[in-house]
Structure formats: structure tokens, C-alpha cells
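J.: After the C-alpha cells below, expect a handful of questions from me.
There are 2 protein chains.
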Amino acid sequence: MRQRRKQDSRRVTVKDLAKDLGMSVSTVSRAFYPDAVIAEPTRKTVLERAAELGYRPNPFAQSLITKRTQIAGMVVSDLTNPFYPEVMTQMLARLQAVGMNVMLAAANEPDQTDEAVDLLLSYQPDLLIVLAVTLSSHAWEKCEQGGTPCIFFNRLSANGQGFGISCDNEMGGRQVADFLIDTGHRNLLYVSAFPDASTNVERYAGFRARTIERGLAEPEVLEAGLFTYEAGYQAGLNMAHLKGKIDGVFCANDIVAIGFMEGAQAGSGLRVPDDLSVVGFDDITMAGWPSHELTTVPQPLEDMMEAIVGLALELSNSSARPSQKIHCFAPGKMIIRNSTRSRVQTSKDLSYA
Amino acid sequence: MRQRRKQDSRRVTVKDLAKDLGMSVSTVSRAFYPDAVIAEPTRKTVLERAAELGYRPNPFAQSLITKRTQIAGMVVSDLTNPFYPEVMTQMLARLQAVGMNVMLAAANEPDQTDEAVDLLLSYQPDLLIVLAVTLSSHAWEKCEQGGTPCIFFNRLSANGQGFGISCDNEMGGRQVADFLIDTGHRNLLYVSAFPDASTNVERYAGFRARTIERGLAEPEVLEAGLFTYEAGYQAGLNMAHLKGKIDGVFCANDIVAIGFMEGAQAGSGLRVPDDLSVVGFDDITMAGWPSHELTTVPQPLEDMMEAIVGLALELSNSSARPSQKIHCFAPGKMIIRNSTRSRVQTSKDLSYA
DNA sequence: CTGAAAGCGCTTACAG
DNA sequence: CTGAAAGCGCTTACAG
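Protein chains in written order, with the UniProt record's numbering: chain A, 1 to 353; chain B, 1 to 353.
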């Protein structure tokens with residue numbers, strides 16, 4: 001038992017394979033690189049035998065030389081927002097399909113982030129994908145100085161840092177304003193989540209701008225503070241303290257909206273959509289559940305996924321940096337469910353007022 | 001621009017550090033191994049200077065020699081069940097805290113699993129953590145022959161394969177039976193999820209056995225088939241086709257229970273808890289939301305987390321295999337919420353019948 | 001306690 | 001088109 005576990009079942013190496021085939025190590029190695037200069041029949045022979053013996057180049061040895069790791073580091077913080085597991089699932093599958101491996105770092109507490117990112121960076125990932133609301137400036141510096149490109153998903157980088165993939169949140173906010181106003185809502189409210197998040201800021205900006213353009217009063221704002229169910233719920237409870245009569249609500253995202261609806265019901269007995277229309281953002285699976293039936297703006301996930309995989313591939317395989325830093329896609333068409341109701345007064349309804 | 005990106009900003013290596021300190025490479029290297037023979041003051045000097053220069057041993061070069069990678073491979077399939085993101089978050093944080101990195105493989109489609117696991121295994125993780133319902137036998141063989149230990153989380157391995165960490169699901173099922181019977185329920189139903197999953201099988205076994213022990217008729221069974229909201233919802237709809245009057249329902253897990261409650265309401269107008277008591281399993285965050293208020297059996301996550309980190313550490317740092325293969329913890333105390341109601345008839349209530 | 005040397009499994013100029 | 005050789009950044013017997 002003195003031997004090391006991993007050595008017991010020795011893995012086959014280039015040397016073994018070369019000897020087996022009566023070729024040089026160099027030739028065998030070349031067979032695995034599409035661009036390498038090697039006779040096609042030779043390559044075929046090598047690849048076939050490799051498959052038989054179960055040989056795979058050792059990625060550690062490979063990376064030591066090539067400085068490429070085929071690893072994408074992924075920083076996540078907000079797995080309680082169902083949007084992210086949904087995104088991760090798709091992203092993982094696609095990255096896997098192009099041969100990239102994903103190494104995960106959780107950044108639940110802001111102070112954990114640095115250590116987590118350091119750990120990640122020591123594996124020299126070809127790129128970092130940030131699914132978190134925040135990346136500490138320390139962590140960002142580390143990436144910079146290590147030459148590791150960052151992709152910020154669903155969040156525009158603060159100062160033009162790194163690459164960004166997101167949907168046009170402002171346009172989404174405008175769509176919601178138009179929708180609510182077109183369906184007869186006149187007293188609007190925005191339920192704000194994490195104040196520094198670009199998604200939050202932009203959605204509000206679009207919503208507010210369009211509301212004013214359409215000649216209504218500036219929307220009220222309720223600060224939930226976080227992108228969580230609990231924050232939304234608390235904001236819903238706080239509806240009680242709001243003076244004006246609100247008839248249309250836009251929440252920073254779906255999970256906040258879902259919490260908000262329940263909080264409003266619990267706190268002030270407000271019923272959705274009878275007393276209040278509520279709109280979310282993202283179109284997470286839960287938004288379609290019968291218990292919520294949330295009207296929402298869907299993220300253009302298909303586009304965003306294609307962009308991120310394309311970018312990841314470029315960043316890990318070519319030496320030139322991609323020129324386009326920001327990919328911003330129009331949101332999908334609003335999905336109208338049962339959390340909103342038209343308040344347009346037909347002539348018959350005029351008795352009301 | 002002909003140079004490679006990663007080479008531009010050269011990372012500091014042992015050599016650099018050794019030269020800087022006027023020591024040999026060997027000595028510098030030893031400073032990073034607690035068990036290595038090295039004068040304590042020397043070690044201190046090295047470590048300090050390393051921190052200043054931002055030196056970290058290159059894990060790829062390290063692994064090439066030590067055959068240890070400090071990588072835990074994680075196979076996930078079921079991120080739509082909120083239980084898993086919750087588990088992942090905690091597990092990630094804890095593994096990070098002990099210096100392990102997590103490499104992720106998604107196994108959404110059964111046929112993707114093999115390729116994903118292969119990719120993962122080529123990085124020679126010290127161990128594999130399986131959070132998925134299923135690991136193909138091909139994948140398992142690969143682990144075996146590569147000497148990579150597997151830990152199955154929340155699922156007992158089929159044929160004594162690998163290590164298992166789970167809660168005592170059968171005991172949980174028994175608790176639910178006792179609880180429902182004690183609170184006056186007499187006509188019980190089990191909503192079954194994925195038939196091959198050990199969690200599903202054991203929870204049912206315990207529930208059924210205890211029901212019979214208590215002298216009631218065997219519980220009815222409704223096959224949802226999957227651990228998903230949608231499957232639970234469908235099962236709820238199917239309540240309509242059930243002949244007998246059911247008053248107490250145990251669902252394979254929380255997400256199924258939540259779907260079930262809504263399906264039962266939508267399909268047959270059955271109200272929880274007035275017409276029906278419903279119990280879940282896991283205690284996911286959502287179970288506590290006002291819209292669900294689900295009575296449930298909590299998993300002993302604290303215990304399970306400690307066990308998995310302990311096991312991971314043993315497997316990645318020592319050469320001896322841990323002796324205990326199965327860690328099975330008693331579930332937590334049932335959490336009684338509003339999805340269940342006592343149906344014990346006090347003398348006053350006897351008018352009802 | 002420290003250093004010189006071998007070697008982990010690869011890739012890639014450099015010759016031929 | 002193929003092979004011999006150097007070297008990626010580290011660790012670890014082996015001497016001293």
C-alpha cells in the first residue's frame with residue numbers, strides 16, 4: 001500500500017502510444033493537432049490506436065507548454081435567483097460541446113470572492129465568465145495583470161472592463177412602460193433591486209424615460225435592494241406605506257416580482273391583477289407557473305448563449321483579441337400572462353371614476 | 001502581435017523567486033509543503049517574498065508530478081430542482097475553503113453524460129462528486145479504471161459503487177407516515193418521482209411500511225415520474241382519476257409537492273390544507289414561501305456537508321482509501337407549515353362525518 | 001537543513 | 001513528412 005493510488009492504474013502516455021506504434025513521440029503528438037504538419041494516413045493510424053488504448057493527451061502537460069488550458073472560470077454568486085441555474089445549465093452544455101471545461105468559484109460573500117478568484121486564476125483559465133453581480137476590483141486587477149479576459153454576463157462592466165454580454169435592458173424597460181400605459185395604467189411604480197447593478201439601473205432608466213415621454217408622472221420607486229424573493233416580498237409589504245394609488249408595477253426581475261406580489265397581498269391585501277398589474281424581467285421557468293403567471297420580458301438567451309460560446313472560443317484559441325467588446329441584444333417580445341390586466345375604460349366602464 | 005497573449009505578462013515562477021532570494025529552487029519549493037524538511041525561518045522568508053511577488057506554484061506543473069490535482073469534479077443534471085443549487089452553493093463554499101477547486105460537468109441529457117465525464121476525467125480530478133440522479137455505467141467504468149473515487153450525494157449507489165452521502169430517506173418516510181396518521185389522516189397517497197432513484201424508492205418504502213405497521217391500508221401511489229414541478233403538477237391533475245378519497249399526501253420531494261398542490265387545485269379544485277394535507281421532502285427555500293408554506297422533512301445538510309468535505313479531503317490528500325463508504329444521516333425534525341392540518345376529531349367535531 | 005539533478009507528459013522549433 | 005532534443009514549471013529522492 002505504499003504506492004500512490006493514482007499510479008496503480010497507469011494511464012497511457014504519448015511514449016507508450018509511440019512505442020506501440022513504432023513512431024516518434026513527435027509524430028504521435030502532432031496527430032492531435034488539426035493544423036500540424038502530418039501525413040493524413042499517419043494521423044488516422046495514430047488516432048485509431050489512441051482510441052483503442054484510451055489515450056488522451058494529459059491536459060496539464062499540454063497547458064504547461066501551450067499556455068492554453070481550455071478552462072473557462074465561472075464566478076457565480078446568486079444561485080438563489082433561478083435565472084442563474086437556468087443560464088448555467090445551458091451555458092455548461094454549450095461550452096462542453098466545444099470542448100471547454102468549466103471551473104467554478106462561488107462568491108457568496110463579497111470577501112470570499114477574492115480568494116475564490118485567486119484560486120481559479122491559479123489554474124490559468126483561458127477566460128473568466130462572471131455571472132455574479134459584482135467582481136471586486138482586486139479580483140479584476142488580478143485578471144488584468146494575468147492577462148485573463150473577463151466576460152461579464154448580464155451585466156455591463158463598470159468602466160469598459162472586459163467583455164459584456166447582455167440584453168438591452170433599457171429597451172426592455174421602455175417596452176414595459178409602453179405596455180402598461182397602453183393597457184390603461186397611469187400610476188406606475190418601479191421596484192428596484194441591487195442599486196449598483198447595471199441591469200437594475202438600465203431597466204429603471206428605460207422605464208422612467210418612456211413613462212415621462214408618454215406624458216405621465218415619473219414612476220414611484222420602492223427600494224427592494226436585492227435581486228431576491230425576500231427583498232421583493234418586503235417591498236410588497238412596504239406598499240402599505242405608499243401614499244398614491246399605484247396600478248402598474250415593474251419589478252427589477254422575475255424573482256423580485258414574485259416576492260413582491262405575495263408581499264403586497266400579505267401586507268395590504270392587494271390582489272394581482274385586480275388591484276395591481278405586475279411585470280417582471282427574465283422569464284424564468286417559475287414565471288409561467290400557475291401560482292404566479294407573471295407577465296414578463298424574456299431575455300434573449302439564445303442570442304446571448306451563442307455570443308458567449310463564440311467569444312469563449314475566440315478567446316481560448318486565437319491569439320488576437322476579439323474586437324467587439326459589447327454584445328447587447330434586444331429583449332424578446334413581452335410575454336403576457338395573468339399578473340397584468342387591461343385597465344382601459346370602454347365606454348360602458350365609464351361609470352367607474 | 002505575433003507573440004502569444006499569455007506570454008506577454010509573464011507569471012513569476014519558482015526560478016524567479018529562487019533567484020530573487022538567492023536560494024535554490026528546491027528550497028523555495030519546499031516552503032510550500034507543510035510536511036517538507038525546511039528551516040522554519042527559511043520558510044517564512046520564502047512565503048513572505050512569494051506573497052509580495054504574487055507567486056503561486058503552477059498547479060499544472062505540480063499535478064504533473066504529484067498526480068494530485070486538488071480538483072473535485074462535479075456532475076450535475078438537475079439544476080431545475082432548487083435543492084441542487086442550494087446544495088451546490090454550500091458545497092462550493094466549503095470546498096473552496098479547504099483549497100479544492102470544482103470542475104463542473106452537466107449531464108442534462110443522458111447521452112451527454114459520457115462525453116462530459118470523459119472531459120472531466122481527463123483533468124484527473126482527485127474525486128468525482130455526483131449530484132445527478134444517474135451516472136452511466138460507462139462513466140462509472142472510466143472512473144474505476146482511472147482510479148478516481150466517486151461520491152454519490154443524496155443517492156445510494158446501485159451496487160455498492162463508490163462512496164455515498166445521504167440522509168436516511170426511509171426514516172424520513174416513516175416520520176411522515178407517523179405525522180399524518182397522528183394528525184388524523186387515514187387515506188394516504190404517495191406521489192412518486194423518478195422510479196429508479198434511491199431517494200424515491202426509500203422514501204416510499206419507509207412511508208408504506210410505517211403506514212401498514214400502523215394498521216392502515218397500503219398508501220395509494222401516483223406516478224409523477226420525475227423530480228420536477230411539472231411532473232408534480234401533472235400528478236395533481238391526475239387526482240381527478242383517483243377513486244378513493246385521499247386526505248394525506250406525501251410527495252417524493254418539495255418541488256414535486258409544490259407542483260402537485262397546484263395541479264390538484266387546478267384539476268379537481270382540491271384545496272390545501274382544507275381538503276388535503278401535503279408533505280414534501282428537502283426543505284428547499286421555496287417551501288417556506290407564503291405561496292406554498294409546505295410542511296416538509298428537512299435534509300440534514302450540515303451533517304452531509306461536513307461529511308463530504310471530510311471525505312474529499314481524505315481522498316485528495318492521503319493515499320489510503322477511507323474505510324467508511326456510506327454516510328447516512330437522520331433527517332431533521334419535520335417542519336410543520338400550512339400545507340397540512342390536523343384532522344383529529346375532537347368530541348365537538350363529531351357532527352362532521 | 002540545503003542544493004544539483006532527474007523527470008512528470010507533453011509540444012515545438014530545428015534539422016533532415 | 002518525420003525524428004531527436006530542448007524545455008514548460010514544478011517536486012523529490014539523493015548527496016552533502
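Even glycine gets a Cβ: it sits at the ideal position worked out from N, Cα and C.
Terminal residues of the continuous alpha helix (DSSP H) containing residue 238(B)?
T.: Segment 229-238, the alpha helix (DSSP H) holding residue 238(B).
J.: For residue 81(B) and residue 207(B), which I take to be in contact (beta-carbon distance under 8 Å), what is that distance rounded to the nearest angstrom?
T.: With a Cβ gap of about 20 Å, residue 81(B) and residue 207(B) do not count as contacting.
J.: If you follow the beta strand (DSSP E) that residue 296(B) is in, where does it begin and where does it stop?
T.: Residue 296(B) -> beta strand (DSSP E) spans 295-298.
J.: Determine, for residue 253(B), whether the minimum Cβ-Cβ distance to residues of chain A falls below 7 Å.
T.: Not one chain A Cβ lies under 7 Å of residue 253(B).
J.: For residue 126(A), report the span of its alpha helix (DSSP H) as first-last.
T.: Taken as a continuous stretch (DSSP letters only), residue 126(A) belongs to no alpha helix (DSSP H), as it is neither H nor E.
J.: Closer than 8 Å, Cβ to Cβ, to anything on chain B: give me those residues from the segment 136-160 of chain A, in chain order.
T.: For the segment 136-160 of chain A, which is checked against every Cβ of chain B, the residues closer than 8 Å are 145, 146 and 147.
J.: Go ahead and pull the three-state DSSP assignment for residue 136(A).
T.: Coil.
J.: Looking at C-alpha atoms only, which residue of 68(A), 86(A) and 54(A) is the closest neighbour of residue 313(A)?
T.: Among 68(A), 86(A) and 54(A), the Cα nearest to that of residue 313(A) belongs to 68(A).
J.: Taking buried to mean at least 16 other C-beta atoms within 10 Å of its own C-beta, is residue 248(B) buried or exposed?
T.: The residue is buried, with at least 16 neighbouring Cβ atoms inside 10 Å.
J.: Less than 7 Å between CB atoms is the rule here; does residue 123(A) satisfy it with respect to chain B?
T.: Output row for residue 123(A): interface = yes.
J.: Apart from the five residues on each side of it in sequence, which residues of its chain come closer than 7 Å, Cβ to Cβ, to residue 79(B)?
T.: Within the same chain, residue 79(B) has close Cβ partners 85.
J.: So for residue 329(A), helix, strand or coil by DSSP?
T.: Strand, per DSSP.
J.: To the nearest angstrom, how far is it from the Cα of residue 331(A) to the Cα of residue 296(A)?
T.: When rounded, the distance between both Cα atoms is 11 Å.
J.: Specify, as a first and last residue, the run of the alpha helix (DSSP H) that residue 63(B) falls within.
T.: 59-66 is the extent of the alpha helix (DSSP H) around residue 63(B).
J.: Going by DSSP, what residues sit across from residue 101(A) in a beta bridge?
T.: Paired residue(s): 71(A).
J.: Got a sec: is the Cβ-Cβ distance from residue 304(A) to anything in chain B below 7 Å?
T.: Chain B, which has no Cβ nearer than 7 Å to the Cβ of residue 304(A), makes this no.
J.: Using the Cα positions of residue 245(A) and residue 263(A), report the straight-line distance between them to the nearest angstrom.
T.: When rounded, the distance between both Cα atoms is 17 Å.
J.: Determine the DSSP secondary structure at residue 163(A), reduced to helix, strand or coil.
T.: Correct three-state label for residue 163(A): strand.
J.: Reducing DSSP to helix, strand and coil, say where residue 259(A) ends up.
T.: In the structure shown, residue 259(A) sits in a helix (DSSP, three-state: H, G or I).
J.: Does the segment 214-230 of chain A touch the segment 273-281 of chain A, meaning 3 or more C-beta pairs lie closer than 8 Å?
T.: No, they do not touch.
J.: Let's see if you can read the secondary structure: which residues bound the alpha helix (DSSP H) around residue 29(A)?
T.: Run containing residue 29(A): 25-30, per the alpha helix (DSSP H) assignment.
J.: Starting from residue 262(A), find everything on chain B with Cβ-Cβ shorter than 9 Å and list it in chain order.
T.: Neighbours of residue 262(A) on chain B, chain order: 289, 290 and 291.
J.: Taking only beta-carbon atoms, is residue 27(A) less than 7 Å away from chain B?
T.: No - not a single Cβ of chain B is within 7 Å of the one on residue 27(A).
J.: Please list, in chain order, the chain B residues whose beta carbon lies closer than 9 Å to that of residue 60(A).
T.: What residue 60(A) touches in chain B: 59, 60, 61, 62, 63, 64, 69, 123 and 124.
J.: Which one of 194(B), 243(B) and 270(B) has the shortest CA to CA distance from residue 253(B)?
T.: Closest by alpha carbon: 194(B).
J.: Report yes or no: is there a C-beta of chain A within less than 7 Å of the C-beta of residue 224(B)?
T.: For residue 224(B), the answer is no, since every Cβ of chain A falls outside 7 Å of its Cβ.
J.: At a CB-CB cut-off below 9 Å, which residues of chain A make contact with residue 229(B)?
T.: Chain A residues near residue 229(B): 285, 286 and 289.
J.: Just to confirm my understanding: we take residue 72(A), look at its own chain, exclude 5 residues before and 5 after, and list those with CB closer than 8 Å. What are they?
T.: Excluding residues within five positions, the ones whose Cβ falls inside 8 Å are 95, 100, 101, 102, 103, 125, 126, 127, 128, 129, 312 and 316.
J.: Return the Cβ separation of residue 259(B) and residue 306(B) in integer angstroms, given the expectation that the two are a contact with Cβ distance under 8 Å.
T.: 32 Å between Cβ atoms; not a contact.
J.: Going along chain B in order, which residues have a C-beta closer than 7 Å to the C-beta of residue 108(A)?
T.: The contacting residues are 89 and 93.
J.: Would you check if the distance between the CB atom of residue 237(A) and the CB atom of residue 191(A) is smaller than 7 Å?
T.: It is not a contact, given that the beta carbons lie outside the stated cut-off.
J.: Nearest chain A C-beta to residue 317(B) closer than 7 Å, yes or no?
T.: Chain A, which has no Cβ nearer than 7 Å to the Cβ of residue 317(B), makes this no.
J.: Report all residues from its chain with a CB closer than 7 Å to the CB of residue 50(B); omit the five preceding and five following residues, and keep chain order.
T.: Excluding residues within five positions, the ones whose Cβ falls inside 7 Å are 17.
J.: Counting only beta-carbon separations shorter than 7 Å, does residue 119(B) have a partner in chain A?
T.: Answer yes: the Cβ-Cβ gap between residue 119(B) and chain A drops below 7 Å somewhere.
J.: With 16 as the cutoff for other CB atoms within 10 Å, does residue 54(A) come out buried or exposed?
T.: Exposed.
J.: Any idea what DSSP makes of residue 344(B), helix, strand or coil?
T.: Reduced to three states, the DSSP call for residue 344(B) is coil.
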